[in-house]
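Colleague:
In the numbering used here, the protein residues as written are 133 to 397.
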């Protein structure tokens, strides 16, 4: 996907408007910024994940005087993901009534719909130490691991794919056919099967197309509706992905067997 100049202007305005509305107390207008099913992750501040604009509004009201008097957003970086989605990272400077200042990072997923661009997911992480240290860096979450997994499959990179699976990972195929496994236990078994599939057929994926990504009650688990796209095919599947400490712990892969057989033969 290529974002137009107008797309980038609209997305930057969207991210900037959050501070204006919140600082003005116009919390009833948050639906102008967020999708109805937005997930607003403020776990790093001890507030968990908030679901929907109303929950974001209620949390801000509950904080009361503990809210910043000014949310200042800067350093906006916009990266296209697919036809209707982009990832946005920005810096936030929060100024409190007493004069103290804090810094945070906003990691947003924005989605284009009938009413233009809106934020469908936001994670707010406090910046507490300089130069990313001295504490350990946060392990990548399921969305980041999903993108790494897709790239490893497209590249048919055994090294990259192996690094993504935990040693005791489980990869399941609830829909399968005779002669194919329904469950693979452990990284070694998963890698033996994956590399044999690459070597034994000529089908190659060129990219993945995201249809939808759904968060769950477990912040480490997502449900993905996607298509694996090749030169002359698009194979639909649904993935339930659980990540622990930046690695795949459990992947349940609902493959459309009939479509796969038509492509692979």
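Heads up, the beta-carbon is just placed ideally off N, CA and C, and yes, glycines get one too.
Is the Cβ-Cβ distance between residue 380 and residue 296 less than 8 angstroms?
Modeller: Closer than 8 angstroms, so yes.
Colleague: Does the distance from the CB of residue 369 to the CB of residue 345 come in under 8 angstroms?
Modeller: Not in contact: residue 369 and residue 345 (Cβ atoms no closer than 8 angstroms).
Colleague: Name, in chain order, the residues that DSSP records as bridge partners for residue 166.
Modeller: Paired residues: 251.
Colleague: Short check: CB of residue 155 to CB of residue 189, under 8 angstroms?
Modeller: Going by C-beta atoms, residue 155 is not nearer than 8 angstroms to residue 189.
Colleague: Considering only DSSP beta bridges, list what residue 182 is partnered with.
Modeller: In the DSSP output, where bridge partners are listed per residue, residue 182 has 172.
Colleague: I need the DSSP call for residue 260, collapsed to helix, strand or coil.
Modeller: Three-state result, residue 260: coil.
Colleague: Closest to residue 390 by C-alpha separation, out of 310, 382 and 363, would be which residue?
Modeller: Answer by Cα proximity: 310.
Colleague: How is residue 197 classed by DSSP in three states: helix, strand or coil?
Modeller: Correct three-state label for residue 197: helix.
Colleague: Around the Cβ of residue 224, are there at least 16 other Cβ atoms within 10 angstroms (buried) or fewer (exposed)?
Modeller: Classification of residue 224: buried, given that the 10 Å Cβ count is 16 or more.
Colleague: Given a cut-off of 8 angstroms on the beta-carbon distance, is the pair residue 152 and residue 165 in contact?
Modeller: No; because the gap between Cβ atoms is not below 8 angstroms, this pair is not in contact.
Colleague: Apart from the five residues just before and just after residue 277, which ones in its own chain have a Cβ nearer than 6 angstroms to its Cβ?
Modeller: For residue 277, where only same-chain residues beyond five positions count, the Cβ hits under 6 angstroms are 375.
Colleague: Does any residue of chain D bring its CB to less than 8 angstroms from the CB of residue 363?
Modeller: Protein chain content of the structure displayed is limited to a single chain, and chain D is not contained in it.
Colleague: Go through its chain and collect everything with a Cβ distance to residue 142's Cβ below 8 angstroms, but skip five positions before and after it.
Modeller: Correct list, in chain order: 248 and 249.
Colleague: Taking all protein chains shown into account, decide if residue 326 is buried (16 or more other Cβ within 10 angstroms of its Cβ) or exposed.
Modeller: Buried, since its Cβ has 16 or more Cβ neighbours within 10 Å.
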